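Since the structure comes first, as structure tokens, the remarks are kept for the end.
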Amino acid sequence: MITNLVEYFENNVVKNNSSKIAVVDRDKQYSFAYIEEHAKKIASYILSFNIDTYNKPVGVFLEKSVDVVISNIAAMYSCMPYMNMDIKTPLMRISNIIEQVDPVVIITNSKYESKIKEIYNGNIINIENFDYKIEIDNQKIQARQKMHIDTNPLCIINTSGSTGVPKSVVLNHKSFFDFMDWAFETMPFTENEVIGSLSPVVFDIYSFELCLMLSKASTIVLIPDGLSTFPIKILNLLEKNKTTFLFWVPTIMVNMANMDLLNKVDLSSIKLIWFAGEVFPTKQLNIWRRELPYTMFVNMYGPIEITLDCTYFIVDRDFADDEPLPIGYPCRNTDILILDGDQLSKDGEDGELCVRGTSLAMGYYNNPEKTQAAFVQNPLNLYYPELIYRTGDIVCKNSCGEIMFKGRKDTLIKHLGYRIELGEIEHIIVSVLKIVDNVCVMYDKNKKEIICVYENDTEISMADFRKKIGNALPKYMMPTGYIHILEMPRNTNGKIDRNALKLQYIGE
Amino acid sequence: MREKILEILQDLRPELDFTESTDFIEDGYLDSFDMVALVSAIDKEYGISILGEDIVPENFSNIESIIKIINKYL
């Protein structure tokens, strides 16, 4: 019986593949045996603190590198969740996360150690100076593993929250096993996959890549953070490493298609491409499909709260450039309810996509209010407690019975692959930074721009605005358009009239 | 041309001073989103179409290299 993801690695993968390459990081290659040994040593050190907990994370504050992979597996050996944090996010936001979640230890390197010390006074491991001469404490590791259960958290993933502090989603081992069972049954994964890993380590996509490495002996080719600025460099890297699987957000794939780069490299080794996180414009997807006619393309859909994805659509027929792709069908062992309030929507009508099954997250860390609002009793089950997750996404079924994504109930947006609560940006501008008294932040879907309309006596320069916001929010959340008005339009109950502003400034 | 390029860059990242950096990429002045916007602004301004193969760090690390790559297309 397996209760911890790392047991797949320990019981099978490392034994049979010890000298195989597990991770390619820039010009270096690391074997499975190397990863195992280093992860176990760090785990042994962490366990030497005599931490008696399973529900506080090992924080990781590092750029994407083999050290992140080692740190994450060390957390698994220690039977504590890993929580990767975004090095590009302003320290203030990281500090909010740390205050909310309180890691038992943070693994970082010399570049970031002093930064972390400013906001955290717990245990810090500088992985560059880590003394790998330490003995592996197998006894302690095994004793921890023996007590481990599969509803313990595997990782904590932070996502934008409307109250200004990110929500920290707690995901357990079992929900990952559930997704892997579906994936390995439905998709052509072998024991010889080479993953072109582009996802930031703070995304769930990276966590799935880790699952593949740990359970299927896949090789992860880490694409360094900075490389996405130069798509041709990424494609060269994929070609050089004979990549077989990609799990990407569409933004970069759209750029590659628009730049006409796909015929400049030989990508014939790629047999499976998953994309998720936002709508893939069909026009650019068609370019990919023409250039890679033997590759299977799959549209994956799901918010992090249900562990990776809950519906999928294998692109198995041609779509016109202006025809939207379905998000498809539920993954096996997941039930999708399309609800209109507390009732099932009528056939073909719009409703909120709600999810039932093992895939549900444990909730938001240290945030019972938000947890209770999103993880609710299944309104169709009156007989015993059963939670569903309300995604806030509006969907309907088309005439083929495939689920189609229609939009959002609230002001959550998908921008450049990131999930952003517009309310978080508003909260930071008004309540935290106090730059102006009133703002309305909107999203122009066509131009893919975040627009900030603000009420103030005088106009504030865009440079000033962005400098201030840059201290509190990551760059992908910073508005690029600023519109000054003297007075916000209000509706009858005195609230800012968002619809009027949208109509006036982005024409929808 | 120098002034024009500086203006385009400044519009993209108004909070940064591009005259202070000698390597925009190394210094983190331009990320992938800025690069897409920068190339499309340059293409529009000069009526050219910079090929994807030319979008590499050495062509965008400073004003001089950007001028050089534009001139290749003019």
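Chains as they are written, first to last, in the numbering used here: chain A, 2 to 509; chain B, 171 to 244. C-beta atoms are modelled at their ideal positions from N, C-alpha and C, and glycine is treated no differently. Note that the structure is predicted; figures quoted are calculated from it, not measured.
A distance below 6 Å between beta-carbons, with the five flanking residues on each side excluded, links A/E450 to the following residues of its chain, in chain order: T481, G482.
In the pairwise beta carbon analysis, the region 417 to 434 of chain A is classified as touching the region 464 to 476 of chain A: at least three pairs are separated by under 8 Å. Between the region 185 to 193 of chain A and the region 208 to 228 of chain A there are three or more inter-stretch CB-CB distances shorter than 8 Å, so the stretches are counted as touching.
With 16 or more other Cβ atoms from the protein chains shown falling within 10 Å of its own Cβ, A/E306 counts as buried. Less than 8 Å separates the beta-carbon of A/L211 from that of A/N73.
Proximity of the region 264 to 272 of chain A to the region 239 to 253 of chain A meets the contact definition, three or more beta-carbon pairs being nearer than 8 Å. DSSP lists A/V25 as the beta-bridge partner residues of A/Q30.
In this structure the region 78 to 95 of chain A lies against the region 52 to 65 of chain A, because at least three pairs of beta carbons, one per stretch, are closer than 8 Å. With 16 or more other Cβ atoms inside 10 Å of its own Cβ, A/Y365 counts as buried.
Note that the region 350 to 369 of chain A touches the region 390 to 406 of chain A; at least 3 beta-carbon pairs, one per stretch, sit closer than 8 Å. In the structure shown, A/E422 falls within a strand segment according to DSSP collapsed to helix, strand and coil.
For A/Y207, the uninterrupted alpha helix (DSSP H) run begins and ends at 205 to 217, by DSSP. Chain-order list of chain A residues neighbouring B/F188: empty, with the shortest C-beta distance near 12 Å, by a criterion of under 8 Å.
When secondary structure is reduced to three states using DSSP, A/H149 falls in the coil class, being assigned neither helix nor strand. Of all residues in the region 210 to 243 of chain B, the ones placed with a Cβ closer than 7 Å to any Cβ belonging to chain A are G222, E223, I225, V226, P227, in chain order. Taking all protein chains in view, the Cβ of A/I470 is crowded by 16 or more other Cβ atoms within 10 Å, so the residue is classified as buried. Taking all protein chains shown into account, B/G222 has 16 or more neighbouring C-beta atoms within 10 Å of its C-beta and is therefore buried. Fully enclosed alpha helix (DSSP H) runs of no fewer than 4 residues occupy 369 to 375 of the region 356 to 424 of chain A, in order along the chain. Between B/I220 and B/V209 a beta carbon distance of about 5 Å is seen, short of the 8 Å cut, so the two are scored as contacting.
Proximity of chain B to A/M463 at the Cβ level (cut-off 7 Å) is accounted for by P184, in chain order. At a cut-off of 8 Å between beta-carbon atoms, A/G471 makes contact with chain B. Take B/M171, set aside five residues on each side of it, and the residues of its chain with a beta-carbon closer than 8 Å to its own are I237, I240, in chain order. Near chain B, meaning a CB-to-CB distance below 7 Å, the residues of the region 259 to 282 of chain A are M260, D261, L262, K265. Note that the region 154 to 172 of chain A touches the region 354 to 370 of chain A; at least 3 beta-carbon pairs, one per stretch, sit closer than 8 Å.
Under the DSSP definition of a beta bridge, A/N173 partners with A/P154. Shown here, A/F298 sits in a strand according to DSSP, grouped into three states. Below the 7 Å Cβ cutoff, chain B contributes V206 as neighbours of A/N256, in chain order. In terms of beta-carbon proximity, A/R420 stays away from the interface with chain B, with every pair separated by 8 Å or more.
In this structure, B/M205 is the residue among B/M205, B/L182, B/E173, B/K174 with its C-alpha nearest to the C-alpha of B/N229. Contacts with chain A at 8 Å (Cβ-Cβ) do not include B/I178.
Selection A/E422, A/I47, A/V105, A/D341 evaluated against A/R391 yields A/D341 as nearest (Cα-Cα). Taking the Cα of A/I461 as reference, the smallest distance to any Cα among A/M443, A/D438, A/D445, A/K448 is reached at A/D438. One finds F203 in chain B with Cβ atoms closer than 7 Å to the Cβ of A/L417, taken in chain order. In this structure, A/W289 keeps its C-beta atom at 8 Å or more from the C-beta atom of A/A321. Of the candidates A/D343, A/P251, A/P304, A/P251 places its Cα closest to the Cα of A/N287. Its chain contains Y243 as the residues whose beta carbon lies nearer than 6 Å to that of B/I218, once the 5 sequence neighbours on both sides are disregarded; these appear in chain order.
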